[in-house]
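Keeping their order, the protein sequence lines are chains H and W. Every position in the first sequence, counted from 1, becomes a number in the working numbering once 75 is added. Every position in the second sequence, counted from 1, becomes a number in the working numbering once 1 is added. C-beta: ideal position from N, C-alpha, C; glycine also. What follows is a single structure, written as structure tokens, with notes after it.
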Amino acid sequence: MYVAVKGGERAIDNAHAFLAEERRGDPAVAELGVAQIREQLRLAVNRVMAEGSLYDPDLAALAIKQARGDLIEAIFLIRAYRTTLPRLGASRPLETAAMAVVRRVSATFKDAPGGQILGPTFDYTHRLLDFRLAADGDLPVAPIGLVPPMGAAAAAVPHITGFLNRDGLIETDTPGDDSPPDLTREPIKLPGTRPLRLQALTRGDEGFILSMAYSTQRGYGRTHAFVGELRIGTVEVEMDIPELGFSVCIGEVEVTECETVNQFKGSKTEPPQFTRGYGLTFGQTERKAIAMSLVDRALRWKELGEDDTGAPAQDEEFVLMHADNVQATGFLEHIKLPHYVDFQSELELIRNLRAEAMAARAEAAE
Amino acid sequence: MTKPSAELSARRGWMGLLARAAPARLAALMPADLPVATLLRAPEIGAVMVRGRVGATGAPFNLGEMTVTRCALRLDCGTVGHGHVQGRNRDHARHAALIDALMQTPRAPEITAQVLDPLAEAEQTARSARAAKAAATKVDFFTLVRGEDN
Numbered sequence: 076m077y078v079a080v081k082g083g084e085r086a087i088d089n090a091h092a093f094l095a096e097e098r099r100g101d102p103a104v105a106e107l108g109v110a111q112i113r114e115q116l117r118l119a120v121n122r123v124m125a126e127g128s129l130y131d132p133d134l135a136a137l138a139i140k141q142a143r144g145d146l147i148e149a150i151f152l153i154r155a156y157r158t159t160l161p162r163l164g165a166s167r168p169l170e171t172a173a174m175a176v177v178r179r180v181s182a183t184f185k186d187a188p189g190g191q192i193l194g195p196t197f198d199y200t201h202r203l204l205d206f207r208l209a210a211d212g213d214l215p216v217a218p219i220g221l222v223p224p225m226g227a228a229a230a231a232v233p234h235i236t237g238f239l240n241r242d243g244l245i246e247t248d249t250p251g252d253d254s255p256p257d258l259t260r261e262p263i264k265l266p267g268t269r270p271l272r273l274q275a276l277t278r279g280d281e282g283f284i285l286s287m288a289y290s291t292q293r294g295y296g297r298t299h300a301f302v303g304e305l306r307i308g309t310v311e312v313e314m315d316i317p318e319l320g321f322s323v324c325i326g327e328v329e330v331t332e333c334e335t336v337n338q339f340k341g342s343k344t345e346p347p348q349f350t351r352g353y354g355l356t357f358g359q360t361e362r363k364a365i366a367m368s369l370v371d372r373a374l375r376w377k378e379l380g381e382d383d384t385g386a387p388a389q390d391e392e393f394v395l396m397h398a399d400n401v402q403a404t405g406f407l408e409h410i411k412l413p414h415y416v417d418f419q420s421e422l423e424l425i426r427n428l429r430a431e432a433m434a435a436r437a438e439a440a441e
Numbered sequence: 002m003t004k005p006s007a008e009l010s011a012r013r014g015w016m017g018l019l020a021r022a023a024p025a026r027l028a029a030l031m032p033a034d035l036p037v038a039t040l041l042r043a044p045e046i047g048a049v050m051v052r053g054r055v056g057a058t059g060a061p062f063n064l065g066e067m068t069v070t071r072c073a074l075r076l077d078c079g080t081v082g083h084g085h086v087q088g089r090n091r092d093h094a095r096h097a098a099l100i101d102a103l104m105q106t107p108r109a110p111e112i113t114a115q116v117l118d119p120l121a122e123a124e125q126t127a128r129s130a131r132a133a134k135a136a137a138t139k140v141d142f143f144t145l146v147r148g149e150d151n
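This is the structure in structure tokens:
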């Protein structure tokens, strides 16, 4: 129960001033600029954009600064801000096959056409603290490689799962031009469609999606996933402009895309073939994209005629209703706010029950 | 769908280039002698829902929004220019709309040389530099001699 109470304004104002001071930290240390966060904490910015569900690196950096580095708080700020924006429309679906890739690896095909491009990755680093970063160490210069002639670069990197498609060894997705459900406009309706699930997963909490994916690897709804392809790069965003009558490019976004190839023994309706899981996220966010594709695949058990093993990652309601960290933190953290009247009634109840129990005991003792 | 005419595809090309341009760079390239323009739609900041496809080729789904600023204006000669640009910079959208309008007038060659060509070059340079750094991380596999084959 919520009852409006007054009082505490001065305490609240002072608490916020204290917060502002703590945010700034020691004034003898240079203040962090939003541009510095945008450029140097880019993976944090990417996570805030992906889960805040709004691609705008400057805003995400500002939110991180305001939230003192609490990324869920920053995501909350971005979600709140986006509700103030008018929706100008929806883009055409991204053509990820035309991505200008900076990273592209496959765990299934060594000699994939287009090659394996490691890009700016933490993989193969030793995970030893680099004290040069604390001591203004010299920056290594990224070497330059040979690039195919202009314009050819993007087209030269076809999707790897396409090769398996040719032999019918892997399921194909049916293209559709239906306008997909949007959970920011209508509450999630269950059972959901795959487009609805993917929207919920791509904006879901990285930690939650990661744990769900990990649980499938450990045997709770196992799907035997290989990373068929993981790619990171920029894609142009195109939108139809009604007043012009044609579509234009309105910008470009960096995305991470993961396609898993999963073992599938076949079912009553489907022949044995590989099946797929899909992950697509804003920014360089590959842990999230891989996790998303595993959870996507696990949630497809019904459509593929697989057994429901009762695993959490197969439970659409469980996954979709608990993936959003803004919803989760809102409900979790509200219990620290005043519940004086609620608690008063609980207190009253306990006192009455105790009085009754005491009286009964006294009676029995007589 | 009808095949877009050369004119249309050229316009789509410069509108995209203007949308992707760095706002400061475009502002610096704006010609000094700009004509008077009437705003048909004052620069407006909004969000566009970006969509992906299930499995890259299947049905569309909503990936998340991006910030976009749009603007429309009319020159005294009646030419209408539109700008739809990424981000929240109102001047960026206004500049883009103005250049779009001017590109439909006889000043097009001059605007191409002064504004669009430098923007295209900057974009190409940035893309090539990034692609070159990525290319340097391409893996060259080689197979060691296998023991059992000896």
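W/Ser-6: contacting residues in chain H (beta-carbon distance under 7 Å)
Numbered from 1 along the second sequence, position 5 holds the residue referred to as residue 6 of chain W. Ordered by position in chain H, no residue passes the 7 Å Cβ test against W/Ser-6, which lies about 10 Å from the chain.
Less than 9 Å between CB atoms is the rule here; does W/Val-37 satisfy it with respect to chain H?
The count along the second sequence starts at 1 and reaches residue 37 of chain W at position 36. No - not a single Cβ of chain H is within 9 Å of the one on W/Val-37.
Contacts that H/Gly-267 makes with chain W (C-beta to C-beta distance below 7 Å)
If you number the first sequence from 1, residue 267 of chain H lands on position 192. Ordered by position in chain W, no residue passes the 7 Å Cβ test against H/Gly-267, which lies about 11 Å from the chain.
Three Cβ pairs or more, each shorter than 8 Å: is that satisfied between the stretch 275–289 of chain H and the stretch 310–320 of chain H?
no
Of the listed residues H/Phe-184, H/Lys-343, H/Leu-116 and H/Gly-296, nearest to H/Gln-389 (C-alpha basis):
Taking the first sequence and counting its residues from 1, one reaches residue 389 of chain H at position 314. Of the candidates H/Phe-184, H/Lys-343, H/Leu-116 and H/Gly-296, the one whose C-alpha sits nearest the C-alpha of H/Gln-389 is H/Gly-296.
Close-in-space but distant-in-sequence residues of the same chain around H/Asp-371 (CB under 7 Å, 5 per side omitted)
For the purposes of this step, residue 371 of chain H is identified with residue 296 of the first sequence, where counting begins at 1. So the list reads Arg-272, Leu-273, Leu-276, Gly-352, Tyr-353 and Gly-354, once near-sequence residues are dropped.
Can you pull the chain B neighbours of W/Met-104, defined as C-beta to C-beta under 7 Å?
The structure shown contains no chain B; its protein chains are H and W.
Could you tell me the distance, in whole angstroms, from the CA atom of H/His-409 to the CA atom of H/Phe-184?
Counting from 1 along the first sequence, the entry for residue 409 of chain H is found at position 334. Counting from 1 along the first sequence, the entry for residue 184 of chain H is found at position 109. H/His-409 and H/Phe-184: Cα-Cα distance of roughly 49 Å.
Where does H/Gly-226 land, buried or exposed, given buried means 16+ other C-beta within 10 angstroms?
For the purposes of this step, residue 226 of chain H is taken as the residue at position 151 of the first sequence. Below a pLDDT of 50, predicted positions are generally treated as unreliable, and H/Gly-226, at 49, falls in that range; the measurement from the model is reported next regardless. Burial call: exposed.
Could you please give me the residues that DSSP links to H/Val-312 through a beta bridge?
Indexing the first sequence from 1 puts residue 312 of chain H at position 237. Per DSSP, H/Gly-326.
Below 8 Å on the Cβ atoms is my guess for H/Arg-278 versus H/Ser-128; work out the distance and round it to an integer in Å.
Reading the first sequence from its first residue, position 203 is the one you call residue 278 of chain H. Reading the first sequence from its first residue, position 53 is the one you call residue 128 of chain H. Contact holds; Cβ gap of about 4 Å.
Looking at the C-beta of H/Asp-211, does it have a partner C-beta in chain W at a distance below 9 Å?
The count along the first sequence starts at 1 and reaches residue 211 of chain H at position 136. Not closer than 9 Å to any Cβ of chain W, the Cβ of H/Asp-211 fails to qualify, so no.
Apart from the five residues on each side of it in sequence, which residues of its chain come closer than 7 Å, Cβ to Cβ, to H/Ala-440?
For the purposes of this step, residue 440 of chain H is taken as residue 365 along the first sequence, with counting starting at 1. Correct list: empty, nothing qualifies.
Using a C-beta cutoff of 9 Å, does W/Ile-112 count as contacting chain H?
What you label residue 112 of chain W is simply residue 111 of the second sequence in a count that begins at 1. So, not an interface residue.
Pick helix, strand or coil for H/Phe-283, following the three-state DSSP scheme.
Your numbering for residue 283 of chain H matches position 208 in the first sequence. Helix at H/Phe-283.
Does the CB of W/Ala-11 have a neighbour CB from chain H at under 9 Å?
Counting from 1 along the second sequence, the entry for residue 11 of chain W is found at position 10. It does not; no Cβ of chain H falls within 9 Å.
Could you give the C-beta distance for W/Ala-132 and H/Val-222, rounded to a whole number, given that I count them as a contact under 8 Å?
Reading the second sequence from its first residue, position 131 is the one you call residue 132 of chain W. Reading the first sequence from its first residue, position 147 is the one you call residue 222 of chain H. Confirmed, about 5 Å.
According to the Cβ coordinates, are H/Ile-307 and H/Arg-178 closer than 9 Å?
Counted from its first residue, the first sequence places residue 307 of chain H at position 232. Counted from its first residue, the first sequence places residue 178 of chain H at position 103. In contact: H/Ile-307 and H/Arg-178 (Cβ atoms closer than 9 Å).
Endpoints, the beta strand (DSSP E) within which W/Ala-73 is located:
The residue you call residue 73 of chain W lines up with position 72 of the second sequence. Unbroken beta strand (DSSP E) run through W/Ala-73: 61–76.
Between which two residues does the beta strand (DSSP E) containing W/Met-50 stretch?
Position 49 of the second sequence, counted from the start, is the residue given in the question as residue 50 of chain W. First-last of the beta strand (DSSP E) with W/Met-50: 38–54.
Less than 9 Å separating the beta-carbons of H/Thr-268 and H/Leu-369?
Here the question's residue 268 of chain H lines up with position 193 in the first sequence. Here the question's residue 369 of chain H lines up with position 294 in the first sequence. Cβ atoms of H/Thr-268 and H/Leu-369: not closer than 9 Å.
Rounded straight-line distance, which links the Cα of H/Gly-194 to that of H/Leu-204:
On the first sequence, position 129 is the one that residue 204 of chain H refers to. On the first sequence, position 119 is the one that residue 194 of chain H refers to. Looking at the two C-alpha atoms, the distance is approximately 21 Å.
If the cut-off is 8 Å on Cβ atoms, which residues from the stretch 21–46 of chain W count as contacting chain H, listed in chain order?
Arg-21, Glu-45 and Ile-46
Among the candidates W/Glu-111, W/Ala-121, W/Lys-139 and W/Ala-136, whose CA atom is the shortest distance from the CA of W/Leu-27?
The sequence position of residue 27 of chain W within the second sequence is 26, counting from 1. Comparing Cα-Cα distances from W/Leu-27 to each of W/Glu-111, W/Ala-121, W/Lys-139 and W/Ala-136, the minimum goes to W/Ala-121.
Which residues in the same chain have their Cβ closer than 6 Å to the Cβ of W/Pro-24, if we skip the five residues on either side of it in sequence?
To locate residue 24 of chain W, count along the second sequence from 1; it is residue 23. The residues are Asn-90 and His-93.
Three or more beta-carbon pairs under 8 Å between the stretch 100–119 of chain H and the stretch 129–142 of chain H, yes or no?
yes
What's the call for H/Ala-229, buried or exposed, on a 16-neighbour Cβ count within 10 Å?
Along the first sequence, one-based indexing puts residue 229 of chain H at 154. Caution applies to H/Ala-229, whose pLDDT of 46 falls short of 50 and renders its modelled position unreliable; the value that the coordinates give is listed next. The residue in question, H/Ala-229, is buried, as its Cβ has 16 or more Cβ neighbours within 10 Å.
Note down the Cα distance separating H/Ile-325 from W/Ala-22, rounded to an integer number of angstroms.
Numbered from its first residue, the first sequence carries residue 325 of chain H at position 250. Numbered from its first residue, the second sequence carries residue 22 of chain W at position 21. Whole-angstrom Cα-Cα distance: 10 Å.
Where the beta strand (DSSP E) through W/Gly-82 begins and ends
Start at 1 with the first residue of the second sequence, and residue 82 of chain W comes out as number 81. From DSSP, the beta strand (DSSP E) with W/Gly-82 extends over 81–87.
Is the Cβ of H/Met-56 closer than 9 Å to any Cβ of chain W?
Absent from the structure is residue 56 of chain H, since the part of chain H shown begins at 76 and ends at 441.
Taking C-beta pairs closer than 9 Å, name the residues in chain H that W/Thr-126 reaches, listed in chain order.
Residue mapping note: residue 126 of chain W aligns to position 125 of the second sequence, counting from 1. None at all; the shortest Cβ gap to chain H is about 11 Å.
Three-state secondary structure (DSSP) at H/Ala-229?
For this step, residue 229 of chain H is matched to residue 154 along the first sequence. Low confidence applies to H/Ala-229: its pLDDT is 46, below 50, so where it sits in the model is not reliable, and the reading given next is rough at best. Reduced to three states, the DSSP call for H/Ala-229 is helix.
At the 9 Å Cβ level, is W/Gly-59 part of the contact set with chain H, yes or no?
Stepping through the second sequence from its first residue, residue 59 of chain W is reached at position 58. Output row for W/Gly-59: interface = yes.
C-beta contact flag for W/Arg-75 and W/Gly-84 at 9 Å:
Translated into positions along the second sequence, residue 75 of chain W becomes position 74. Translated into positions along the second sequence, residue 84 of chain W becomes position 83. No, they are not a contact pair.
Figure out for me which residue from H/Ala-209, H/Asp-280 and H/Met-174 has the closest Cα to the Cα of H/His-234.
Residue 234 of chain H sits at position 159 when you count from the first residue of the first sequence. That would be H/Met-174, whose Cα lies nearest to the Cα of H/His-234.
9 Å is my cut-off, CB to CB: does W/Val-116 come that close to chain H?
Residue 116 of chain W sits at position 115 when you count from the first residue of the second sequence. Output row for W/Val-116: interface = no.
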